[in-house]
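Notes for the one structure printed next.
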Amino acid sequence: MEENQDQQPGLDIELTEEIAEGIYSNFAIITHSQTEFIIDFVRMMPGIPKGKVKSRIILAPQHAKRLIMALGDNLGKYEDHFGEITLEEGNGLPPHAVPFGFGGPTGQA
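Residue numbers (our numbering): 130 to 238.
Put into C-alpha cells, the structure is as follows:
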C-alpha cells in the first residue's frame, strides 16, 4: 500500500474497520459556546418528519477554524477538478436551509 505523501511526519492514527465505513449525513447543525463548537451530523429522509443525529463532533474554536480552512481548501481543489458545486436556491430558501421534500409528510388536496 502506498503511503500518503501529505501525512505529517510522526502522526500515527488508527482507523478501525467500523469507523472506516463512514456514516452518511445530508444535513448538519452547528452550535457553539465560548469554548467549543458542536457539529451534529444528521440524516434526513424524505417523508419522515424527524431526522436522526448520526454523529456529534465537539471541537475547540481553534480546531473548528482549522477545519473550516481545510474544508475551504479541499472544496477549491474539488471544484478545480470537477467543476463548481451549485446550491439549490430557486426554492426561496437560503443555501443552508432544509431542502424541500425533507421534514415530514405534506398534505394533499
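All residues carry an ideal CB built from backbone N, CA and C; glycine is no exception.
What you are looking at is a predicted structure, and each value in this text was computed from that prediction instead of being measured.
- Runs of the beta strand (DSSP E) lying entirely within the region 159 to 199 and spanning at least 3 residues, in chain order: 166 to 172 and 181 to 188.
- When the Cα atoms are used, Glu-217 and Ser-162 turn out to be separated by approximately 30 Å.
- By the Cβ rule, the region 201 to 210 does not count as touching the region 168 to 177, because fewer than three pairs are nearer than 8 Å.
- The beta carbon of Ile-214 is closer than 8 Å to those of Leu-204, Tyr-207 and Glu-208 in its chain, skipping five residues each way along the sequence.
- Phe-211 sits exposed, since fewer than 16 C-beta atoms from the chains shown fall within 10 Å of its C-beta.
- Take Thr-164, set aside five residues on each side of it, and the residues of its chain with a beta-carbon closer than 8 Å to its own are Ala-189 and Pro-190, in chain order.
- Between Ile-187 and Ile-168, the C-beta gap is smaller than 9 Å, which places the two residues in contact.
- For Ile-148, the uninterrupted alpha helix (DSSP H) run begins and ends at 146 to 149, by DSSP.
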